[in-house]
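Novice:
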Amino acid sequence: MIERHGLIPFAILSVIAALVTIGLKATAYAVTGSVGLLSDALESLVNLAAALVALFALSVAARPADEEHTYGHSKAEYFSSAFEGGLILLAAATIAATAGRRLLDPQPIEEAGLGLAITGVAALINLGVARVLLAAGRRHESITLEADGHHLMADVWTSLGVIVGVAAAVLSGWHRLDAVVGIAVALQVLRSGYKLVRRSLLGLLDTSLPQNTLDTITGILDRHASDGVRYHALRTRQAGAMRFISFHILVPGRWTVQRGHDLLEQIEERIRHAVPNSVVDTHLEPIEDPVSWEDTRLERPSNGGAAEPS
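Under our numbering, the residues of the sequence shown are numbered 4 to 313, in order.
1) Mapping the DSSP letters down to three states, classify isoleucine 248 as helix, strand or coil.
2) Which of helix, strand or coil does DSSP assign to aspartate 284?
3) Would alanine 57 and alanine 14 be called neighbours here (beta carbons separated by less than 8 Å)?
4) Measuring only the C-alpha atoms, how far is alanine 100 from phenylalanine 59?
5) Given that a residue counts as buried once 16 or more other Cβ atoms are within 10 Å of its Cβ, and exposed if not, what is glutamate 291?
6) Since leucine 174 is in the alpha helix (DSSP H), which residue starts that stretch and which ends it?
7) Which residues in the same chain have their Cβ closer than 8 Å to the Cβ of threonine 122, if we skip the five residues on either side of it in sequence?
8) Inspect the beta-carbon positions of isoleucine 220 and leucine 237 and report whether they are closer than 8 Å.
9) Tyrosine 81 CB to nearest chain D CB: under 8 Å?
10) In the DSSP assignment, the beta strand (DSSP E) including arginine 238 goes from what residue to what residue?
11) Kindly list the residues whose CB is nearer than 7 Å to the CB of phenylalanine 82, restricted to its own chain and excluding five residues on each side of it in sequence; keep chain order.
12) Three-state secondary structure (DSSP) at valine 294?
13) Starting from glycine 222, trace the alpha helix (DSSP H) in both directions and tell me its first and last residue.
14) Enumerate in chain order the residues of its own chain whose CB-to-CB distance from glutamate 271 is below 7 Å, with the five nearest sequence positions on each side excluded.
15) Give me the Cα-Cα distance between glycine 196 and leucine 55, rounded to the nearest whole angstrom.
16) Work out the CA separation of glycine 116 and isoleucine 11 for me, nearest whole Å.
17) The alpha helix (DSSP H) spanning glycine 9 covers which residue range?
18) Could you check what DSSP says for leucine 208 in three-state terms: helix, strand or coil?
19) Can you pull the DSSP bridge partners for leucine 180?
20) Just to check my reading of the structure: valine 192 and alanine 95 have Cβ atoms closer than 8 Å, yes? What is that Cβ distance to the nearest angstrom?
21) In its own chain, which residues sit with a C-beta less than 8 Å from the C-beta of histidine 264, not counting the 5 before and 5 after it?
22) Please report the straight-line C-alpha distance between threonine 154 and alanine 133, rounded to a whole angstrom.
23) Which same chain residues, not among the five before or five after glycine 9, have their C-beta less than 8 Å away from its C-beta?
24) Quick check on serine 203: buried or exposed, where buried means 16 or more other Cβ atoms within 10 Å of its Cβ?
25) Given a cut-off of 8 Å, decide if leucine 212 and arginine 246 are closer than it, judged by their beta-carbon atoms.
26) Is glutamate 46 near threonine 147, with beta carbons less than 8 Å apart?
27) Going by beta carbon distance, what residues of the same chain come within less than 7 Å of isoleucine 128, once the five residues before and after it are set aside?
28) Hey, threonine 35 and glycine 168 are a contact pair by Cβ (cut 8 Å); roughly how many whole angstroms apart?
Written as structure tokens, this is what we have:
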């Protein structure tokens with residue numbers, strides 16, 4: 004099992020970054036009155052909530068397997084990323100509503116230079132932290148850290164868009180441009196939230212591993228076809244950083260149990276080497292027995308209530 008305790012400091016870093024950027028962006032809004040900068044500050048509030056949830060989720064995911072959770076707690080990361088996606092969608096709605104009101108009632112922007120400078124500093128902080136989180140998320144296969152990193156990168160682009168929009172509004176004198184930028188930011192945030200929620204739900208629904216990984220697995224299994232070995236009932240799923248792979252191997256009935264067992268050990272080891280962080284579960288069957296071919300379905304029907312052997 005992958006050690007997840009080492010990921011907690013990254014979540015703490017995200018919490019600290021969120022607190023700092025909230026302070027900076029709130030100050031920028033206070034000195035300018037820009038709705039674009041307000042939308043940027045609101046998204047940083049979402050960043051803080053998401054970072055706190057990520058910290059909790061990683062703490063849960065770090066717990067070892069127990070009698071009630073024999074496969075571990077790694078799925079907690081999907082709940083974190085789904086929650087973060089929901090917060091992003093809520094932030095998008097709030098930004099759009101605020102910008103809509105300002106579009107109908109435009110207000111002049113005060114102290115734009117100072118406000119944009121403060122926002123620029125906040126964007127640089129988010130950029131640095133996002134790069135750290137994304138690198139750690141990819142390295143440790145943590146959807147929680149990746150979600151947090153992508154969210155912060157979206158925040159960086161949002162800040163850049165707001166800076167450009169506010170500067171254009173000040174230079175052109177068309178104050179509604181500030182609200183237009185706020186609406187554009189809301190749409191971008193909405194897109195980011197949708198993608199994150201979708202990915203999280205697919206993880207919770209035990210979606211199969213990607214096709215390239217499946218091709219790797221089937222390639223290993225197909226190597227033994229010349230020995231009269233077949234396979235079926237290949238099923239895969241992913242929970243956080245862990246991958247679960249199961250299949251049935253059908254061998255000639257004349258084989259000894261030892262020979263079949265040695266083959267399974269060999270295949271399992273090759274798959275674990277080719278697909279890191281995987282749990283491989285196999286089942287050995289005689290290829291000549293018709294019953295061996297009846298369990299390819301995901302749900303095998305019962306035998307109609309036949310009596311169990313004594």
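Ideal Cβ placement from N, Cα and C applies to all residues, glycine included.
Specialist: Put simply:
1) Here the question's residue 248 lines up with position 245 in the sequence shown. Three-state result, isoleucine 248: strand.
2) For the purposes of this step, residue 284 is identified with residue 281 of the sequence shown, where counting begins at 1. It is a strand residue.
3) Taking the sequence shown and counting its residues from 1, one reaches residue 57 at position 54. Taking the sequence shown and counting its residues from 1, one reaches residue 14 at position 11. Yes, these two residues count as a Cβ contact at 8 Å.
4) Counting from 1 along the sequence shown, the entry for residue 100 is found at position 97. Counting from 1 along the sequence shown, the entry for residue 59 is found at position 56. So the two alpha carbons sit approximately 31 Å from each other.
5) Taking the sequence shown and counting its residues from 1, the one referred to as residue 291 is at position 288. Label assigned to glutamate 291: exposed.
6) In the sequence shown, the residue the question calls residue 174 occupies position 171. Looking at the DSSP string, the run of the alpha helix (DSSP H) that includes leucine 174 is 146-175.
7) Counting from one through the sequence shown, the residue named residue 122 turns up at place 119. Around threonine 122: Leu27, Lys28, Ala31, Leu40, Asp43, Ser162, Val165 and Ile166.
8) The sequence position of residue 220 within the sequence shown is 217, counting from 1. The sequence position of residue 237 within the sequence shown is 234, counting from 1. Yes, the Cβ-Cβ distance between isoleucine 220 and leucine 237 is below 8 Å.
9) The displayed structure is made up of one protein chain only, and chain D is not part of it.
10) Position 235 of the sequence shown, counting from 1, holds the residue named residue 238. Start and end: 233-242.
11) As a working note, residue 82 is residue 79 in the sequence shown. Counting only Cβ-Cβ distances below 7 Å, and skipping sequence neighbours, we find Ala60.
12) Along the sequence shown, read from residue 1 onward, the residue named residue 294 stands at position 291. Reduced to three states, the DSSP call for valine 294 is helix.
13) Taking the first residue of the sequence shown as 1, we reach residue 222 at position 219. It spans 214-225 - the alpha helix (DSSP H) in which glycine 222 sits, taken as one unbroken run.
14) For this step, residue 271 is matched to residue 268 along the sequence shown. Excluding residues within five positions, the ones whose Cβ falls inside 7 Å are Val283 and Thr285.
15) Numbered from 1 along the sequence shown, position 193 holds the residue referred to as residue 196. Numbered from 1 along the sequence shown, position 52 holds the residue referred to as residue 55. The alpha-carbon atoms of glycine 196 and leucine 55 are separated by roughly 17 Å.
16) Here residue 11 corresponds to residue number 8 of the sequence shown, with the count starting at 1. Here residue 116 corresponds to residue number 113 of the sequence shown, with the count starting at 1. For isoleucine 11 and glycine 116, the distance between alpha carbons rounds to 37 Å.
17) One-based indexing of the sequence shown puts residue 9 at position 6. Taken as a continuous stretch (DSSP letters only), glycine 9 belongs to no alpha helix (DSSP H), as it is neither H nor E.
18) For the purposes of this step, residue 208 is identified with residue 205 of the sequence shown, where counting begins at 1. Correct three-state label for leucine 208: coil.
19) Start at 1 with the first residue of the sequence shown, and residue 180 comes out as number 177. Per DSSP, none; premise fails for leucine 180.
20) The residue given as residue 192 occupies position 189 in the sequence shown. The residue given as residue 95 occupies position 92 in the sequence shown. With 8 Å as the limit, valine 192 and alanine 95 qualify as a contact, their Cβ atoms being about 4 Å apart.
21) Walking along the sequence shown from the start, residue 264 turns up at place 261. Here the set comprises Leu287.
22) In the sequence shown, the residue the question calls residue 154 occupies position 151. In the sequence shown, the residue the question calls residue 133 occupies position 130. The amino acid at residue 154 is misidentified as threonine; the sequence shows histidine. Taking the straight line from one Cα to the other gives about 8 Å.
23) Start at 1 with the first residue of the sequence shown, and residue 9 comes out as number 6. Cβ within range, chain order: His143.
24) By 1-based counting over the sequence shown, the position of residue 203 is 200. By the 10 Å Cβ count, serine 203 comes out buried.
25) Looking up residue 246 in the sequence shown gives position 243. Looking up residue 212 in the sequence shown gives position 209. Going by C-beta atoms, arginine 246 is nearer than 8 Å to leucine 212.
26) Here residue 46 refers to the residue found at position 43 of the sequence shown. Here residue 147 refers to the residue found at position 144 of the sequence shown. Not a contact, by the Cβ cut-off of 8 Å.
27) Here residue 128 refers to the residue found at position 125 when the sequence shown is read from its first residue. If we look at isoleucine 128 and ignore the five residues flanking it on each side, its Cβ neighbours are Ala20, Val23 and Thr24.
28) Looking up residue 35 in the sequence shown gives position 32. Looking up residue 168 in the sequence shown gives position 165. Contact flag wrong, Cβ pair sits at about 12 Å.
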